[in-house]
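Worksheet for the structure shown next.
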Amino acid sequence: MSTMNPAMTREGEMADENRAQEQVEAPAETIIEEGTTVGRPFSDDPKFKLRNVEVFYGQDRAIKNISLDIGRNEVIAFIGPSGCGKSTFLRCLNRMNDSIDICKVKGSLALDDQNIYDSKRDVVELRARVGMVFQKPNPFPKSIYDNVAYGPRIHGLANRKSELDDIVENSLRKAGLWNEVKDRLDATATGMSGGQQQRLCIARAIAVSPEVILMDEPCSALDPIATARVEELISEMSESYTIVIVTHSMQQAARVSNRTAYFHLGHLVEVNETNKVFTSPEHDLTESYITGRFG
Amino acid sequence: MPDRKDDVYGDHISHKFNDELMALKSEFLEMGGLVESQVDRAITALVDNDGHLADEVRATDKKVDRMEVDLDEEATLIIARRQPTARDLRLVISVIKMVADLERVGDEAKKIAKFAIKLSEEGQAPRGYVEVRHIANHVLSMLRDALDAFARLDSAQALRIMKEDKRVDEEYQAATRTLLTFMMEDTRNISRCMSVMWILRALERVGDHACNLAENVIFMVEGEDVRHTPVEEAERIVGP
Amino acid sequence: MTDQKTQAELVRRSLKVRYRKERRFRAYGILAIGIALSALIVLFADIIGKGYTGFTKTTITMDVEMDGEMMFLDDATDEQQLKMADFVEPLVQAMIKQIPGADEDDRDKVRGLLNPYASNELKNLLKANPDWLGETHTITVLAHTDVDVYVKHAGDAAYSIKLSDEQQRWVDGLLESGVVDTSFNDVFFSSGDSRDPSRAGILGAIVGSLLTMFVTLVLSFPIGVAAAIYLEEFAPQNKFTDFIEVNINNLAAVPSIIFGLLGLAVFINLFGMPRSVPVVGGLVLTLMTLPTIIISSRAAIKSVPPSIREAAEGIGASKMQVVLHHVLPLAMPGMLTGSIIGMAQALGETAPLLLIGMVAFIVDVPEGFLDSATVLPVQVFLWAGSPELAFIERASAAIMVLLAFLISMNALAVWLRKRLELRW
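Structure representation (structure tokens):
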């Protein structure tokens, strides 16, 4: 979804929404009351404080009055059927939606109590703090070294070559890729396997030492082994980063996250401890979705 | 197979998954019915001094064992193939646990049948059978209600069964005391009374298992584990 | 079972029809390609058949006695004397010696075999070697165009032979004795246009083309790429940019002669630039190629996967860094290819250049951007329209040169793309 052009994404979402609407024969009690979220949407120590967030694509309201806290150093998973707005919401967190002209974001979104959508706020600085990993591994068609070094270079994080070397090595180590590629840092990144490419993208994201890493379906293009590696990486990284992950694989959400948020047609239906969501979710829609009754 | 539209486990996108869950459920109920009739027939054999019926009960226990193995395997396959979550996961897990309880109940029925044979061979007018009959009716209704609660996902009924268990225990205590009096009256009764004691004990165990089934039904429906928690807690969970 | 069998039977029968349809469809395709290929082959065969003789020249080689008295010349270093001297006579005398049965009375007929410029060649030789005066040297001079035509196309009905029967016999004899001979036409590649077909060359046109193309490239590539980047990456999506986009697409379809009119009106009449010069030609061709370059560059930019853009943005690259570091390098092969193809189109363009006066008859090879010049396709146009038949082979030869340029430019485009795409 992330790789499609904005117009297409939007069309796809609309089509999906209509389909989802037809499929859900929601009983009376499952009708969602706007702006209400069951479970524990708030956190004691929030990294992101998001209140009454609404996102419009032209006339269409893609995100409908969502309030959510994302805690410091927690792994939160966004799940939901296609077109439920989870990717759109994720992209608000580092303003990746800015490049879409018709996309308007309303409400208050704060990172460490600073407004993300402040007109004075520099997007470049925000994105250095909030890194992103995409659905399809998208390394630059350059060498492995240059891929990782690109971020530190443009942000001027290293003054000397040796410093840059250290950053590259550390990032690759953290991404669990160092031993595989240390002898061929000059090889082009596009020649790596899909799983390696995705871990390289993660290394590239952590090379600029962000505080938050957003992951938009990071494993959807990977085989199970590569997926397991990336998941392992996520749980290792959760000690030092706040991680927000959008995923279509409920098992993955169950495995890697502390909290799980369920999105439905632009509403945030339920946020709860992952353990609770996958054994006894509070909301009927969540239950229907995770047990495979629609979606 | 029941109509899937009416069943909360029958509305998955995957029809195969629906069928598997429904099959698991209905086979479990079938096993429950069989176990229930085992207990009932064992008691009848005892009260009627019917050694033949008791033999039949002992033979049928093999079938119960067979069903336990089959159900466990089905449940395992569902977990392996479907990775059930939430309600579905709770159903499968509960079934695995309850199957073990049912099998135990089957074993108790077999034990009762064994004593029934023994007592019928001794061939004297039974004493204490009134109490046995009484408790048996009680635990049988608990068992039936537990299976009903499972079939109808009725956690309130399950909660009632949990409370009922206390009364079975009280009745068991009372019956034991009565039997003790018999034994003190006439020492020749001791051997037979001991057998009846064992039967009462077995029935009390059946009540415990019925109570376990009820706890599992509450877990299945409400998603909260009520084992080893005070009844008040369970009441809060089940709600008004 | 029977149902299944008949169904399989039905499928098999429908398969047969399907295969037949597929075969027919393929045959149409092959036929279409065959027609296109044969048209191409006919075209090439015609051009090469007509033009290959343009690459040869007919020469006369003989011993010439440079008798000072005959030439009214006693000092070959004296400019004044050189101007007055008669260089035709020694050549004619030498020819008469070579032709059995010719005598003084046939002077005019013999002279008709010599190229009018042959005396000039002799003059230049003597000027370079003044001490040759009075000596006899073997000299090669160009034959007359009529001789050239006779030697190359004696049996061809399309060419009228202007030589008399006697002259033809002489030429036959001279051919046999090796006095008249054909060799590689260096004149064609080393001189400018001329009224005399055997002296006409395309060097002037080639240099004119190169100068014009240089101006076009220097102007259109940066402007086109910059416009494409702005439109694709920075321009807001609104009615105005839509309007611009539609008009760029329209411009690409405007007949090229309109650009010539524009150039005439703006560059020459309004700005007062000189006519017939490569700068104006280059400007006009720039106008013409810009839409092509903009459109192909935009396509190249669009084909850069959005995931790369997102990746860069996700790390915190600014818009300009995204464009300069990622989009541009990846789009460059496509942009270059588009530009080269646009240039090739411009190289073959005639119509707009006719209007800005690059169709003038220019003998000198241009030496700068402000010298009058013509270009290859215009030269072809000029020669092809010439009443003199000997120019037709020149035109065909020039077409071959032009085609060689175009093919090598396209090959360069392919090579560049292959080369640059390897980095992916």
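As you go down the protein sequences, you meet chains A, B and C in turn. With our numbering applied, the first sequence corresponds to residues 3 to 297, in that order. With our numbering applied, the second sequence corresponds to residues 107 to 346, in that order. With our numbering applied, the third sequence corresponds to residues 2 to 425, in that order. The beta carbon of each residue, even a glycine, is placed where N, CA and C say it ideally should be.
List the residues of chain A whose Cβ lies closer than 7 angstroms to the Cβ of residue i, in chain order.
i: Gln189 of chain B; result: Gln253
i: Asp117 of chain B; result: Arg295
i: Ala329 of chain B; result: It is worth fixing the name first, because residue 329 of chain B is Gly in this sequence and not Ala. Those are Thr281, Ser282, listed as they occur along chain A.
i: Leu130 of chain B; result: Under the 7 angstroms cutoff, chain A gives no residues; its nearest Cβ is about 15 angstroms from Leu130 of chain B.
i: Leu195 of chain B; result: Thr281
Applying a beta-carbon distance threshold of less than 7 angstroms, which residues of chain C neighbour residue i?
i: Ala130 of chain A; result: Gly317
i: Tyr152 of chain A; result: Ile316
Is the Cβ-Cβ distance between residue i and residue j less than 9 angstroms?
i: Arg196 of chain B; j: Ser282 of chain A; result: yes
i: Gly261 of chain C; j: Leu355 of chain C; result: yes
i: Leu95 of chain A; j: Phe50 of chain A; result: yes
i: Ala308 of chain B; j: Ala255 of chain B; result: no
i: Pro279 of chain C; j: Gly209 of chain C; result: yes
i: Ala79 of chain A; j: Ser259 of chain A; result: yes
i: Pro101 of chain C; j: Met71 of chain C; result: no
i: Leu263 of chain C; j: Leu288 of chain C; result: yes
i: Gly127 of chain B; j: Ser226 of chain B; result: Checking the sequence, you will find Leu at residue 127 of chain B rather than Gly. It is not a contact, given that the beta carbons lie outside the stated cut-off.
i: Ser373 of chain C; j: Ile357 of chain C; result: no
i: Tyr2 of chain A; j: Ile292 of chain A; result: This structure does not reach residue 2 of chain A, given that chain A is present from 3 up to 297, and the question cannot be answered.
i: Arg418 of chain C; j: Pro353 of chain C; result: no
In the DSSP assignment, find the beta strand (DSSP E) that holds residue i and state where it starts and stops.
i: Gly133 of chain A; result: 132-135
i: Ala59 of chain A; result: Rather than Ala, the amino acid found at residue 59 of chain A in this sequence is Tyr. Residues 48-59.
i: Lys108 of chain A; result: 105-113
i: Thr137 of chain C; result: 137-143
i: Met217 of chain A; result: 214-218
i: Ala236 of chain C; result: Run containing Ala236 of chain C: none; DSSP gives neither H nor E here.
Hey, could you find the ends of the alpha helix (DSSP H) residue i is sitting in?
i: Arg204 of chain B; result: The sequence given here places Met at residue 204 of chain B; Arg does not occur at that position. Residues 192-228.
i: Phe244 of chain C; result: 240-254
i: Cys299 of chain B; result: 296-328
i: Arg164 of chain B; result: 157-188
i: Phe108 of chain C; result: A quick correction: the sequence has Arg, not Phe, at residue 108 of chain C. Looking at the DSSP string, the run of the alpha helix (DSSP H) that includes Arg108 of chain C is 108-112.
i: Ser397 of chain C; result: 391-422
i: Glu133 of chain B; result: 121-153
i: Thr281 of chain A; result: 276-281
Name the chain B residues whose beta carbon is nearer than 7 angstroms to that of residue i?
i: Pro283 of chain A; result: Ala192
May I ask you to list the residues that DSSP assigns as paired with residue i?
i: Gly261 of chain C; result: Paired residues: none, contrary to the question.
i: Phe370 of chain C; result: Answer is none; Phe370 of chain C lacks a bridge partner.
i: Phe185 of chain C; result: C:Thr57
i: Leu70 of chain A; result: A:Leu52
i: Asp197 of chain C; result: According to DSSP, Asp197 of chain C bridges with nothing at all.
i: Phe265 of chain A; result: A:Leu270
i: Glu311 of chain C; result: Paired residue(s): none; Glu311 of chain C is not in a bridge.
Is there a C-beta anywhere in chain F that falls below 9 angstroms from the one on residue i?
i: Val248 of chain A; result: Absence of chain F from the displayed structure is noted, the protein chains being A, B and C.
Determine the chain A residues that contact residue i at a beta-carbon separation under 8 angstroms, and present them in chain order.
i: Gln322 of chain C; result: Ile156
i: Ala229 of chain C; result: Result: empty, since nearest Cβ-Cβ is about 18 angstroms, beyond 8 angstroms.
i: Ala312 of chain C; result: Phe136, Asn140, Pro141, Phe142, Cys203, Arg206
i: Ile309 of chain C; result: Asn140, Phe142, Pro143
i: Ser120 of chain B; result: Gly294
i: Phe123 of chain B; result: Gly294
Which chain B residues sit within Cβ distance under 8 angstroms of residue i?
i: Ile292 of chain A; result: Thr191, Ala192
i: Glu289 of chain A; result: Ala192, Arg193
Mind pulling the chain A residues with CB within less than 9 angstroms of residue i?
i: Ser143 of chain B; result: None at all; the shortest Cβ gap to chain A is about 33 angstroms.
Report the neighbours of residue i on chain C: residues whose CB is nearer than 8 angstroms to its CB, in chain order.
i: Asp103 of chain A; result: Pro237, Gln238
Cβ pair count under 8 angstroms reaching 3, the segment 135-154 of chain C against the segment 180-191 of chain C: yes
The segment 41-48 of chain C in contact with the segment 127-147 of chain C per 3-pair CB rule at 8 angstroms: no
Validate contact between the segment 237-253 of chain C and the segment 306-318 of chain C using beta carbons, cut 8 angstroms, 3 pairs: no
Stretch pair the segment 193-202 of chain C + the segment 134-142 of chain C: three plus CB contacts closer than 8 angstroms: no
The segment 162-172 of chain A / the segment 100-111 of chain A touching (three or more Cβ pairs under 8 angstroms): no
Touching by the beta-carbon criterion (3+ pairs, under 8 angstroms), the segment 224-237 of chain A and the segment 196-203 of chain A: yes
Segment contact, 8 angstroms Cβ cut-off, at least three pairs: the segment 216-230 of chain B with the segment 281-290 of chain B: no
Stretch-stretch touch, CB-based, cutoff 8 angstroms, three pairs: the segment 56-64 of chain A with the segment 32-41 of chain A: no
The segment 171-188 of chain A contacting the segment 120-133 of chain A, beta-carbon criterion three pairs below 8 angstroms: no
Any 3 or more C-beta pairs closer than 8 angstroms across the segment 209-226 of chain A and the segment 128-135 of chain A: yes
The segment 254-273 of chain A touching the segment 68-88 of chain A, judged by at least three CB pairs closer than 8 angstroms: yes
Cβ contact check for the segment 215-233 of chain C and the segment 286-301 of chain C: 3 or more pairs under 8 angstroms: yes
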